[in-house]
Structures are given as C-alpha cells and as structure tokens.
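Taking it in order: structure first as structure tokens, then the write-up.
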Amino acid sequence: MSYAFLKELRNLTVVVVHPLDEEGAALTDHLRRIGCNPQLVWPVPEQLPRQTHILMVAIDDQQREGLRKLFRSLPNPAPTILAIVSYENPATLQLVLESGAMAVIGRPIKPFGLLTNLAIARNIWCQTQDLARDARRYKRKVKGEQVVVRAKTILMAQEKLDEDRAHRELRARAMQRRIAIEALAGEIVSSYEAALVRSGAMAAENVLSDEKESD
Numbered sequence: 002m003s004y005a006f007l008k009e010l011r012n013l014t015v016v017v018v019h020p021l022d023e024e025g026a027a028l029t030d031h032l033r034r035i036g037c038n039p040q041l042v043w044p045v046p047e048q049l050p051r052q053t054h055i056l057m058v059a060i061d062d063q064q065r066e067g068l069r070k071l072f073r074s075l076p077n078p079a080p081t082i083l084a085i086v087s088y089e090n091p092a093t094l095q096l097v098l099e100s101g102a103m104a105v106i107g108r109p110i111k112p113f114g115l116l117t118n119l120a121i122a123r124n125i126w127c128q129t130q131d132l133a134r135d136a137r138r139y140k141r142k143v144k145g146e147q148v149v150v151r152a153k154t155i156l157m158a159q160e161k162l163d164e165d166r167a168h169r170e171l172r173a174r175a176m177q178r179r180i181a182i183e184a185l186a187g188e189i190v191s192s193y194e195a196a197l198v199r200s201g202a203m204a205a206e207n208v209l210s211d212e213k214e215s216d
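Add 1 to the 1-based position in the sequence shown for our numbering, that's all there is to it.
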C-alpha cells in the first residue's frame with residue numbers, strides 16, 4: 002500500500018449509503034480507523050453531498066428506484082464507487098452495473114480487505130480520469146489541426162498561395178499577435194463562414210427583388 006494513497010485518504014470524503022444499523026456503524030468506524038472521513042447516509046438520498054470523493058453504497062433491490070435516481074444524479078466525473086452486495090442475482094448485478102462501481106464488497110462486511118478494495122477502486126478511478134483527460138486533449142488537438150487545414154485552404158484560395166506559404170503566413174500572423182496558430186485559424190474560418198452567410202443572404206434578397214420586379 003503506497004504512503005501517498007494512505008495520505009490521500011485523510012483528505013477524501015467518503016459517503017456511505019447504508020441502513021443505520023450495526024453493520025453501517027461498524028463500517029464507518031473502520032473507515033475512520035484507516036484514515037477516511039466517512040458520512041453515513043440513509044435513506045437513499047436523491048443527491049450526494051457536494052465534494053463526495055468516494056461513495057460506498059449498499060445495493061438493495063427494495064431500494065431499486067431510489068438507487069437508480071441517485072445514480073442518474075451523479076456528477077461527471079462521478080466519485081469513486083464501491084458497491085456493497087448481499088447476493089449475486091441478476092437484479093443485484095444490474096444495479097451494480099448501473100452504479101458504475103469499480104469494486105464490490107460482499108456481505109457480511111469484514112474489515113480485512115476493505116482498505117485494499119478502496120485502494121484498487123481509487124486507483125482505477127484515477128486511471129480512468131487520466132484516460133479521459135488524454136482523450137479530450139487528443140480531440141482538441143485533432144480539431145485544432147482540422148481548423149488549421151481549413152484556414153490554409155481559405156488563404157490558398159483568397160491569396161493565391163501554395164500550401165507551404167499559406168502555413169508560413171498563418172504562423173507569422175499568429176506570432177505577430179502572440180496567439181496560438183489554432184486560435185488565428187479559427188478566426189479566419191469564422192470570418193470566412195460569416196462572409197458566406199452574408200453573401201447568401203444578399204443573393205436571396207436579390208432573387209426576391211428580381212421576382213418582385215418581374216411581377
């Protein structure tokens with residue numbers, strides 16, 4: 002178990018959605034002992050408290066609708082979720098899948114292995130967030146490259162430049178204004194599209210005018 006994770010636990014808020022019984026009290030007590038800041042909540046809330054980092058939720062088929070409503074209300078990104086289950090039947094499995102849980106704790110809950118489950122679930126959550134950030138970054142990069150290509154095409158058509166000269170012109174203008182080449186390319190494309198809209202509106206107006214004159 003890494004020291005960094007154990008240190009992080011002290012700053013994490015853990016919401017435990019579990020009946021207010023002996024098991025729920027024992028679970029929150031053990032979470033405090035391992036350094037977490039747990040909050041026991043019951044009945045199933047419509048929304049989680051703000052700044053919930055980890056959600057441990059008892060999967061109860063009798064609370065199906067309440068649980069589904071809670072899962073739908075989760076923010077994006079959702080907290081790290083651990084499901085607490087008593088049975089492995091299709092109904093329970095369906096709720097676990099809908100929850101987006103990254104670890105499952107079986108009943109009766111035992112202190113041994115709880116910290117390991119927390120560590121594994123949190124590590125998977127962190128890796129998932131890293132992948133999502135990388136995907137967004139890649140998407141922005143591809144979108145930026147597409148805008149630059151389109152801006153170069155516009156310059157090539159308007160100023161009779163070849164592709165290399167159009168790219169150098171874009172880069173020079175961006176450096177002169179101290180902005181990213183993608184930002185400048187976006188301005189050029191937006192200006193070009195606005196001009197197309199204006200010219201289209203003018204053409205439509207001329208057609209209407211000609212029709213009126215012919216009448």
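Even for Gly, the Cβ is constructed at its ideal location relative to N, Cα and C.
Residue i, buried or exposed, once every other Cβ within 10 Å from all chains shown has been counted against 16
| i | result |
| --- | --- |
| P80 | buried |
| S100 | buried |
| L83 | buried |
| K161 | exposed |
| G25 | buried |
| R123 | buried |
| V198 | exposed |
| L32 | buried |
| I85 | buried |
| K144 | exposed |
| I55 | buried |
| L132 | exposed |
| L13 | buried |
| L98 | exposed |
| L49 | buried |
| A104 | buried |
| M176 | exposed |
| L171 | buried |
| A102 | buried |
| A195 | exposed |
| A167 | buried |
| C127 | exposed |
| L156 | buried |
| K8 | exposed |
| I21 | Strictly speaking, residue 21 in this sequence is Leu, with Ile absent from that position. Its Cβ having fewer than 16 others within 10 Å, L21 is exposed. |
DSSP state of residue i mapped onto helix, strand, coil
| i | result |
| --- | --- |
| L13 | coil |
| V143 | helix |
| A1 | Limits of the chain in this structure are 2 at one end and 216 at the other, which puts residue 1 out of reach. |
Element boundaries [beta strand (DSSP E), containing residue i]
| i | result |
| --- | --- |
| A104 | 104-107 |
First through last residue of the alpha helix (DSSP H) which encompasses residue i
| i | result |
| --- | --- |
| A92 | 91-100 |
| D163 | Neither: D163 is in no alpha helix (DSSP H) and is coded neither H nor E. |
Should the region 66-79 be called in touch with the region 104-121, which here means at least 3 C-beta pairs below 8 angstroms? Contact between the region 66-79 and the region 104-121 is absent, because fewer than three Cβ pairs lie under 8 angstroms.
Going along the chain, which unbroken runs of the alpha helix (DSSP H) with 4 or more residues stay wholly within the region 22-81? Correct list: 23-34, 65-74.
Take every Cβ of the region 131-143, pair it with every Cβ of the region 112-122, and state whether three or more of those distances are shorter than 8 angstroms. Taking 8 angstroms as the limit for Cβ pairs, the verdict is that the region 112-122 does not touch the region 131-143.
Tell me whether the region 12-23 and the region 34-46 touch, counting them as touching only if at least three CB pairs, one residue from each stretch, are closer than 8 angstroms. Short answer: they touch.
Touch test, the region 85-104 against the region 44-64, Cβ-Cβ under 8 angstroms, three pairs minimum: Verdict: yes, contact present.
Taking 8 angstroms as the cut-off, does the region 141-152 touch the region 185-199 (at least 3 CB pairs, one atom from each stretch)? Yes: at least three Cβ pairs fall under 8 angstroms.
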